[in-house]
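These notes concern the structure reproduced below.
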Amino acid sequence: MSNITMFIDQVMRYSYLQQALIAAILVGIICGVIGCFIILRGMALMGDAISHAVLPGVVIAYMIGASFFIGATITGVLTALAIGYVSQNSRIKDDSAIGIMFTAAFALGIVLITGLRGTGVDLWHILFGNVLAVSRSDLMVTVGIGAFVLLMIIIFYRPLLLSTFDPVMAKATGVPVQLVHYLLMLLLSLVTVASLKTVGIVLVVAMLITPGATAYLLTDRLPVMLGLSALFGVIAAIGGMYYSVIYDVASGASIVLVASVLFGLAFFFSPKQGVITRKWRAKKVQRA
2 MSNITMFIDQ
12 VMRYSYLQQA
22 LIAAILVGII
32 CGVIGCFIIL
42 RGMALMGDAI
52 SHAVLPGVVI
62 AYMIGASFFI
72 GATITGVLTA
82 LAIGYVSQNS
92 RIKDDSAIGI
102 MFTAAFALGI
112 VLITGLRGTG
122 VDLWHILFGN
132 VLAVSRSDLM
142 VTVGIGAFVL
152 LMIIIFYRPL
162 LLSTFDPVMA
172 KATGVPVQLV
182 HYLLMLLLSL
192 VTVASLKTVG
202 IVLVVAMLIT
212 PGATAYLLTD
222 RLPVMLGLSA
232 LFGVIAAIGG
242 MYYSVIYDVA
252 SGASIVLVAS
262 VLFGLAFFFS
272 PKQGVITRKW
282 RAKKVQRA
């Protein structure tokens with residue numbers, strides 16, 4: 002029996018693998034879509050900030066017996082607001098404000114986790130993810146978040162498009178640029194929350210950036226970029242799950258590595274932007 006056949010057989014046999022695969026695919030899609038806007042706006046560091054800043058919310062939610070999805074969403078949104086407040090009310094620029102706020106929030110989360118060591122509560126899986134531990138309720142939350150995020154992207158596609166490529170023109174035509182920015186921050190926080198169990202806080206930024214960056218090397222059109230990025234997220238999810246199940250390695254890291262391999266292929270062999278492709282074309286022109 003080949004490895005692929007074995008993987009399919011195990012997925013068909015065990016419900017927890019089915020749930021894990023569906024969750025990973027959903028995360029790949031929504032991370033890929035949101036990641037496109039993050040890349041085009043030059044906000045990769047903000048994605049990193051939000052993904053790390055949700056940690057204290059997760060820990061506090063566990064401490065008070067609430068859903069960690071709620072805690073993570075609240076702290077993610079508060080961090081995004083705090084970053085904007087600091088940068089707008091001081092000489093500190095955006096990148097410095099991001100570095101200050103997300104490291105402070107992440108450090109607070111680590112301190113809270115270490116304070117729970119004697120309680121038998123283990124939250125370290127939140128850092129690195131374990132898609133195989135996704136429960137049915139986790140899957141339902143991921144489905145709900147994914148549907149909401151994609152619906153918001155569809156409804157606000159034009160304002161997002163205009164404010165991403167030409168914020169000055171968007172503002173002149175009546176688009177509430179600041180409101181759209183905070184909507185994107187909310188969606189980014191929700192996507193991060195949906196990705197916690199799958200790839201974890203440490204690796205979620207890779208899923209936000211890598212599929213979108215791969216698509217960016219292959220097209221100049223946003224609708225195509227969104228579709229390709231979602232597709233690469235799905236391929237990374239399925240490929241990562243395959244290697245995780247067959248070779249018994251970390252699921253979140255496997256998903257990210259597959260996404261990184263796809264980026265590497267696009268970086269070197271993209272028809273227009275590929276490093277090797279450009280060199281080959283240059284040599285062809287010289288010979289001609």
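Residues in the sequence shown are numbered from 2 upward in steps of one, following my numbering.
Every residue, glycine too, gets a C-beta built ideally from N, C-alpha and C.
Values in this document were obtained by computation on a predicted structure and should not be read as measured data.
{"Asked": "Enumerated in chain order, which unbroken segments of the alpha helix (DSSP H) with a length of 4 residues or greater are wholly contained in the region 60–133?", "Found": "69–89, 95–116 and 126–129"}
{"Asked": "Could you give the C-beta distance for L197 and I127, rounded to a whole number, given that I count them as a contact under 8 Å?", "Found": "6 Å"}
{"Asked": "V257 and F8: beta carbons closer than 8 Å?", "Found": "no"}
{"Asked": "Which word fits I114, buried or exposed, when buried means at least 16 other C-beta atoms lie within 10 angstroms of its C-beta?", "Found": "buried"}
{"Asked": "With C-beta atoms as the reference, is G33 less than 8 Å away from A231?", "Found": "yes"}
{"Asked": "Are the region 65–78 and the region 263–271 touching by the rule of at least three beta carbon pairs closer than 8 Å?", "Found": "no"}
{"Asked": "Quick one, are the C-beta atoms of A260 and L133 less than 8 Å apart?", "Found": "no"}
{"Asked": "Are V150 and V206 closer than 8 Å when you measure CB to CB?", "Found": "no"}
{"Asked": "Confirm, please, whether the CB-CB distance from S16 to I202 is below 8 Å.", "Found": "no"}
{"Asked": "Do V178 and L161 count as a contact pair if the criterion is CB distance below 8 Å?", "Found": "no"}
{"Asked": "My parser needs the beta strand (DSSP E) runs of 3 or more residues fully inside the region 150–195; what are they?", "Found": "none"}
{"Asked": "Hey, how far is the Cα of L187 from the Cα of V12?", "Found": "33 Å"}
{"Asked": "How is the alpha helix (DSSP H) around Q20 delimited, first residue to last?", "Found": "S16 to L41"}
{"Asked": "Taking buried to mean at least 16 other C-beta atoms within 10 Å of its own C-beta, is A106 buried or exposed?", "Found": "buried"}
{"Asked": "Assign N4 to one of two classes, buried (16 or more other C-beta atoms within 10 Å of its C-beta) or exposed (fewer than that).", "Found": "exposed"}
{"Asked": "Taking its Cβ as the centre, do 16 or more other Cβ atoms sit within 10 Å of D221, making it buried, or is it exposed?", "Found": "exposed"}
{"Asked": "Cutting at 6 Å between CB atoms, please list the residues of its own chain near L109, excluding the five before and the five after it.", "Found": "P57"}
{"Asked": "Determine the burial state of I71: buried for a count of at least 16 other Cβ atoms within 10 Å of its Cβ, exposed for fewer.", "Found": "exposed"}
{"Asked": "Keeping to the same chain, check which residues put their C-beta closer than 8 Å to that of I75; ignore five residues upstream and five downstream.", "Found": "G58"}
{"Asked": "Taking buried to mean at least 16 other C-beta atoms within 10 Å of its own C-beta, is I236 buried or exposed?", "Found": "buried"}
{"Asked": "Would you kindly check if the distance between the Cβ of G48 and the Cβ of L189 is under 8 Å?", "Found": "yes"}
{"Asked": "Among the candidates V144, F69, T211 and V200, whose CA atom is the shortest distance from the CA of V250?", "Found": "V200"}
{"Asked": "Could you compute how far the alpha carbon of L46 sits from the alpha carbon of I40?", "Found": "10 Å"}
{"Asked": "Count the other C-beta atoms from every protein chain shown that fall within 10 angstroms of the C-beta of V28, then say buried if there are 16 or more, exposed otherwise.", "Found": "buried"}
{"Asked": "Could you say which of I155, R282, V286 and A24 lies nearest to D139 if we only look at CA atoms?", "Found": "A24"}
{"Asked": "List the endpoints of the continuous alpha helix (DSSP H) containing L229.", "Found": "L223 to Y248"}
{"Asked": "With a cut-off of 8 Å on the beta carbons, I'd call A50 and I93 a contact; round off their distance for me.", "Found": "Not quite, the Cβ-Cβ distance comes to about 14 Å (not below 8 Å), so this is no contact."}
{"Asked": "Would you report the Cα separation of L184 and R159, rounded to the nearest angstrom?", "Found": "13 Å"}
{"Asked": "Please classify V286 as buried or exposed, where buried requires at least 16 neighbouring CB atoms within 10 angstroms.", "Found": "exposed"}
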